[in-house]
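Line by line, the protein sequences are chains A and B. Each residue of the first sequence is one higher than the one before, starting from 5 at the first, in our numbering. Each residue of the second sequence is one higher than the one before, starting from 49 at the first, in our numbering. One structure is given here, and the rest of the page talks about it.
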Amino acid sequence: MSSLPRLFPASDATKGTEKMRIMAVFKRWEFILVLILAAICVFNSFASPYFLDLHNLFDSTQSFSEKAILVLSMALIIIIGDIDLSVASIIALCGTAVGWLATQGMTTPQLVVASVIVGTLAGMVNGGIIVRFQVPAIVVTIGTMSLFRGISYIILGDQAFSSFPDDFSDLGQGYLGGMIPYEFIVYLVLAVVFAVFLHRTTYGRSIFAMGNNPQAAMYSGIKVDTIRFWLFTVNGMMAGLAAVLFTSRIGATRPNMALGWELEVVATVVLGGVAITGGSGTMPGVILSVFVFGMLTFGLGLVNVPGIIMTIITGCMLIGAIATPIIVRKLSRP
Amino acid sequence: MRRLLQRRENQLAAIIILVVGLITLRAPVFLSMGSIDTIMTDGAILTMMALVQMLAILTRGIDLSVSANMALTGMVVALLSKDHPEMAVTATIVLALGLGLLLGAINGVMIAYVGIPPIVVTLGTMSIYRGLVFQVSGGAWVNAQQMGSAFIAFPTTRLLGLTAIVWIAAVMVAAIYLFLNHVRKGRELYALGGNPTAARYVGINNTHNQMLVYSLIGLVSGLCGYLWVARYAVAYTEIALGFELQTVAACVIGGVSMAGGRGTVLGCVLGSVFLVIIFNALPIINVSPFWQLAISGAVILAAVVLNSRSERSKGKLILKSAQLAAVRGTA
Numbered sequence: 005m006s007s008l009p010r011l012f013p014a015s016d017a018t019k020g021t022e023k024m025r026i027m028a029v030f031k032r033w034e035f036i037l038v039l040i041l042a043a044i045c046v047f048n049s050f051a052s053p054y055f056l057d058l059h060n061l062f063d064s065t066q067s068f069s070e071k072a073i074l075v076l077s078m079a080l081i082i083i084i085g086d087i088d089l090s091v092a093s094i095i096a097l098c099g100t101a102v103g104w105l106a107t108q109g110m111t112t113p114q115l116v117v118a119s120v121i122v123g124t125l126a127g128m129v130n131g132g133i134i135v136r137f138q139v140p141a142i143v144v145t146i147g148t149m150s151l152f153r154g155i156s157y158i159i160l161g162d163q164a165f166s167s168f169p170d171d172f173s174d175l176g177q178g179y180l181g182g183m184i185p186y187e188f189i190v191y192l193v194l195a196v197v198f199a200v201f202l203h204r205t206t207y208g209r210s211i212f213a214m215g216n217n218p219q220a221a222m223y224s225g226i227k228v229d230t231i232r233f234w235l236f237t238v239n240g241m242m243a244g245l246a247a248v249l250f251t252s253r254i255g256a257t258r259p260n261m262a263l264g265w266e267l268e269v270v271a272t273v274v275l276g277g278v279a280i281t282g283g284s285g286t287m288p289g290v291i292l293s294v295f296v297f298g299m300l301t302f303g304l305g306l307v308n309v310p311g312i313i314m315t316i317i318t319g320c321m322l323i324g325a326i327a328t329p330i331i332v333r334k335l336s337r338p
Numbered sequence: 049m050r051r052l053l054q055r056r057e058n059q060l061a062a063i064i065i066l067v068v069g070l071i072t073l074r075a076p077v078f079l080s081m082g083s084i085d086t087i088m089t090d091g092a093i094l095t096m097m098a099l100v101q102m103l104a105i106l107t108r109g110i111d112l113s114v115s116a117n118m119a120l121t122g123m124v125v126a127l128l129s130k131d132h133p134e135m136a137v138t139a140t141i142v143l144a145l146g147l148g149l150l151l152g153a154i155n156g157v158m159i160a161y162v163g164i165p166p167i168v169v170t171l172g173t174m175s176i177y178r179g180l181v182f183q184v185s186g187g188a189w190v191n192a193q194q195m196g197s198a199f200i201a202f203p204t205t206r207l208l209g210l211t212a213i214v215w216i217a218a219v220m221v222a223a224i225y226l227f228l229n230h231v232r233k234g235r236e237l238y239a240l241g242g243n244p245t246a247a248r249y250v251g252i253n254n255t256h257n258q259m260l261v262y263s264l265i266g267l268v269s270g271l272c273g274y275l276w277v278a279r280y281a282v283a284y285t286e287i288a289l290g291f292e293l294q295t296v297a298a299c300v301i302g303g304v305s306m307a308g309g310r311g312t313v314l315g316c317v318l319g320s321v322f323l324v325i326i327f328n329a330l331p332i333i334n335v336s337p338f339w340q341l342a343i344s345g346a347v348i349l350a351a352v353v354l355n356s357r358s359e360r361s362k363g364k365l366i367l368k369s370a371q372l373a374a375v376r377g378t379a
C-alpha cells in the first residue's frame, strides 16, 4: 500500500520530510483497514482450512459484489454530505421490472439495459425531488424507499417471478476462465472508474468541495445542484445494475429482495473512512472496507456462524471503527 | 380563515377530516366505535414513538435503533413472562423501562460523550440490538399461550372505555407537550436544533441534552416494546422491523423539520394519526394491503414537498421577543 500517498497528492498529511511521510502512511485510515483485513484473513485461515483456496476466495466475492457496486456510488453521495436510503428499494423495483419483462420474452441483453434504465429513472426521481424542492436527501429517500419497494409489492404481492431466459443466469453465476466471477470483474472495472473520477477529475474535487461547504462551493462556480442530481441518478443506475446481477444470481424476484441493504451499504462506506458529515473519504478506503466486510462474512460463514450474528458484528465494527480514533485522540490530548 | 389555514397543523387536520370523510363515504363502518377504538389502540404506539423520535430530530439527530430497542426489550420481557407467568405487570413495566433506558443510554453516551454522529451510532446499535434479539431468543417465537395472562391483558385493559395503551399515550403526549413548551430543558432542545452555535454561546449544554434525549427515547422504546409484544401477543426476532422509518415519516408528515429546531407535538400526533388512518382504511375500502407501503411512500414525498414551501418562507427565530426585536431593528 506504499502507493497510497502518491495517489492523493492533495492530502496535507503526505507532505513534509521522508520520516513524516512514512508516519503519515501508518496514520492513514486505509492502513488500519489493511491491518484489519490481514487480521481477518489470518484468523479465517486458522479457523477453516477451506479459506485459503483461490476458488473459494473468488467464489466468495459473489456474495458481496452487488453491494460493493452500490458502495462506490453511495460513497460519492455521502462525500457531498447526503445519503440515499432508497437503493435497496430500487433493486426491488428493478428486479421486479426484470422479472416481468422476462415473462414478456425479452432477451438477456435487453433485460440488462432495461434494469439499468429503470434504476436510472428511479435515481432521477430522487435527485429531481431533492434538487427541485431543496429538501434533505434523507427524507426524500425514506419516502422513495417506501414508494419503490411499495410498487414492487403492488405488482408482485406475495408472488415471485422466476422464469428467465436460459443464458440469464450466466451473468450472476458465470465465471471468466472458470474461476473469476463476472460480477467481480464488473465491480473491479467500476471501482477503477469511480476512483479515477473522484481522485483524478475536477468533478471529483468539486464533490469534496461540496461536502466541505456547499455554499462556498456554489459561490466558487461549482454547479452544486447539477452534480447532486447526477450523483443520485448514477446511484440509481448502479442499483439497476446490481439488481440485474442479483436477480440473475438468485434466479428469482421477490418484493422483499435486498431488504436492509441500504444500511449495510452505508455502514461499509462509513467504515471505509468516509465522514458521514461529508467532505472527506477515499475510494481505496471504501474498496478495502468492502473486502473487510466480505472476508469477515465469508470467514464466519465457513465456521457456521448464523447470519444474524453477523449483524451484531457489523454493528460493533461500524461503531468501533468510528469511535476508536475519536477516543484515542481524546485520551492522547492532555 | 386564511391565517387559520396557513398553520401546518390545521392544514393537516383538514386533510385528515377530508380523508376520513371520503373513506366513510365508501365504507360507513369506518366511523363505527369499534373501528375508532382499533385505530386509537393501533395508533398509540406509533404516536408515542413518533413523539420521542421528534426529540431527536429537533436536535438535528435521528434514532434509527428505536424499533430494534423495542424488539429486544419486548423479547426479553416476553421470555421473562414465559418463565415467570405470575410476574406482576408493574414489575414487567419497570423492567421494560429500565432495559429500554439502558439501550438508549448506550446510544446517548456514544453520541453525546464520544461524539459520533447520531445516524452512525443508531445505525450500528440497530444491527446490534436486532442481532441480540436473536441471541436471547435463539430465533424462537414466544406466542400467546406461553406469556402470562396479566402480561397480555394489560395494554387492552379498559378504563372509562379507553384501553390502557391509549391512556399511556395520552399521558405521554401531555407530558412531552409540557416538557417542550414549558420546561427550560425542552426549550433548549429547540434552541440546539435551531442554531447549535448560538445555543452554545448562551450556555446550553449540548452534551447533557443529547444524553437526555437519547435516554428518553430508549425509555419510551422499552415501554412500547412491551406494549407491542403484549398487544399483538407474540414476540419474534423481526418484530417492528422498519418501524423506525414510520416514526420518522410521522414526524415529517407532521411538519417536523429534518434540519432541526422546528416541530410541534400537535403536528407530530396528527402525522401519526394520518398514517394510522391510512393503514387501517386500506382493508376497509378493499385495497390490498400490498398497497400500504407505496401509499405511505407517496404520502411522505407529498409531505416533504409541501413542507419545503412552508419552511423556506419562514425564518428560524425561536423566541417571540427576538422576532419582535428583529422586526423593530429593520424598521
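Note that beta-carbon positions come from the ideal geometry of N, C-alpha and C, so glycine has one too. A quick note: this is a predicted structure, and the numbers were derived from the prediction, not measured.
Check                                                                                                                                                                                : Outcome
So, helix, strand or coil for Ala-271 (chain A), using DSSP?                                                                                                                         : helix
Applying the criterion that 16 or more other CB atoms from any shown protein chain within 10 Å of the CB defines a buried residue, is Thr-138 (chain B) buried or exposed?           : exposed
Please state whether DSSP places Ala-31 (chain B) in a helix, a strand or coil.                                                                                                      : For residue 31 (chain B) there is no data in the structure shown, the boundaries of chain B being 49 and 379.
For the segment 122 to 134 of chain B, list every residue whose C-beta sits within 7 Å of some C-beta in chain A, in sequence order.                                                 : none
Quick check on the burial criterion: 16 or more other C-beta atoms within 10 angstroms. Buried or exposed for Gly-303 (chain B)?                                                     : buried
List, in order along the chain, the chain A residues whose C-beta lies closer than 8 Å to that of Leu-330 (chain B)?                                                                 : Near Leu-330 (chain B) there are no residues of chain A at all, since even the closest Cβ is about 12 Å away, more than 8 Å.
Using the beta-carbon count (16 or more within 10 Å), is Arg-153 (chain A) buried or exposed?                                                                                        : buried
Reducing DSSP to helix, strand and coil, say where Val-179 (chain A) ends up.                                                                                                        : A quick correction: the sequence has Tyr, not Val, at residue 179 (chain A). It is a strand residue.
If you draw a straight line from the C-alpha of Val-324 (chain B) to the C-alpha of Gly-244 (chain A), how long is it?                                                               : 32 Å
For Gly-270 (chain B), collect the residues of the same chain with a Cβ closer than 6 Å to its Cβ; drop the 5 residues on either side in sequence, then sort them by chain order.    : Thr-121, Ala-144, Leu-145, Leu-147, Gly-148
DSSP three-state call for Asn-243 (chain B): helix, strand or coil?                                                                                                                  : coil
Within the chosen definition, does the segment 84 to 92 of chain B reach the segment 106 to 114 of chain B through at least 3 CB pairs nearer than 8 Å?                              : no
Check whether the segment 76 to 96 of chain A touches the segment 232 to 240 of chain A, taking contact to mean three or more Cβ pairs, one atom from each stretch, closer than 8 Å. : yes
How would you list, in chain order, the residues of chain E whose beta-carbon sits under 8 Å from the beta-carbon of Trp-339 (chain B)?                                              : Note that chain E does not occur in the displayed structure, where the protein chains are A and B.
Below 8 Å between beta carbons: does that hold for Leu-180 (chain A) and Tyr-186 (chain A)?                                                                                          : yes
Tell me, please, which residues DSSP counts as bridged to Arg-206 (chain B).                                                                                                         : B:Thr-211
Between Leu-37 (chain A) and Leu-292 (chain A), how many whole angstroms is the CB-CB distance? I'm expecting something under 8 Å.                                                   : 4 Å
Among the residues of its own chain, which have a CB less than 7 Å from the CB of Leu-335 (chain A), if the five just before and after it don't count?                               : none
Look up Phe-3 (chain A) in the DSSP assignment and say whether it is helix, strand or coil.                                                                                          : Past the edges of chain A, shown from 5 to 338, lies residue 3 (chain A), and the structure says nothing about it.
Kindly indicate the opening and closing residues of the alpha helix (DSSP H) around Leu-112 (chain B).                                                                               : Here Leu-112 (chain B) belongs to no alpha helix (DSSP H), and DSSP marks it neither H nor E.
Give the DSSP bridge partners of Ile-184 (chain A), in chain order.                                                                                                                  : A:Leu-180
Chain A partners of Ala-342 (chain B), CB-CB under 9 Å?                                                                                                                              : Ser-150, Leu-151, Phe-152, Arg-153, Gly-154, Ile-155, Ser-156, Tyr-157, Ile-158
Mind listing the chain B neighbours of Leu-300 (chain A)? Cutoff is C-beta to C-beta under 7 Å, in chain order.                                                                      : Within chain B, no residue comes near Leu-300 (chain A); the closest Cβ sits about 13 Å away, beyond 7 Å.
Compile a chain-ordered list of the residues in the segment 308 to 334 of chain A whose CB is closer than 7 Å to at least one CB of chain B.                                         : Ile-312, Ile-313, Thr-315, Ile-316, Thr-318, Gly-319, Cys-320, Leu-322, Ile-323, Ile-326, Ala-327, Ile-330, Ile-331
Give a yes or no on whether 8 Å exceeds the smallest Cβ distance from Val-67 (chain B) to chain A.                                                                                   : no
Would you mind telling me which residues of chain B sit closer than 8 Å to Thr-281 (chain A), beta carbon to beta carbon, in chain order?                                            : Pro-165
Measuring alpha carbon to alpha carbon, tell me which residue in B:Tyr-177, B:Leu-228, B:Phe-182, B:Cys-316 is nearest Ser-12 (chain B).                                             : No information on residue 12 (chain B) is available, as it lies outside the stretch 49 to 379 that chain B covers here.
Any heavy atom of the ligand HEM inside 7 Å of the beta-carbon of Ala-101 (chain A)?                                                                                                 : With respect to small molecules bound, the structure shown includes none, and the ligand HEM cannot be examined in it.
Is Thr-112 (chain A) closer than 8 Å to Asp-162 (chain A) when the C-beta atoms are compared?                                                                                        : no
Kindly indicate which three-state DSSP category Lys-364 (chain B) falls into: helix, strand or coil?                                                                                 : The predicted model places Lys-364 (chain B) with a pLDDT of 47, which falls under 50 and marks its position as unreliable, so this point remains unresolved.
Under the three-state reduction of DSSP, which class applies to Thr-318 (chain A): helix, strand or coil?                                                                            : helix
With 8 Å as the threshold, decide whether the Cβ of Arg-178 (chain B) is near any Cβ in chain A.                                                                                     : yes
With a threshold of 8 Å between beta carbons, is Lys-362 (chain B) in contact with chain A?                                                                                          : Low local confidence applies: a pLDDT of 48 at Lys-362 (chain B) is under 50, so the model's placement there is unreliable, and no value is given.
Just the Cα atoms here: how many angstroms apart are Gly-178 (chain A) and Ser-67 (chain A)?                                                                                         : 13 Å
Where Val-229 (chain B) and Leu-267 (chain B) are concerned, what is the direct C-alpha to C-alpha distance, given to the nearest angstrom?                                          : The sequence as given places Asn at residue 229 (chain B); Val does not occur at that position. Their backbone Cα atoms lie some 21 Å apart in a straight line.
Does the beta-carbon of Gln-138 (chain A) have 16 or more other beta-carbons within 10 angstroms, so that it is buried, or is it exposed?                                            : exposed
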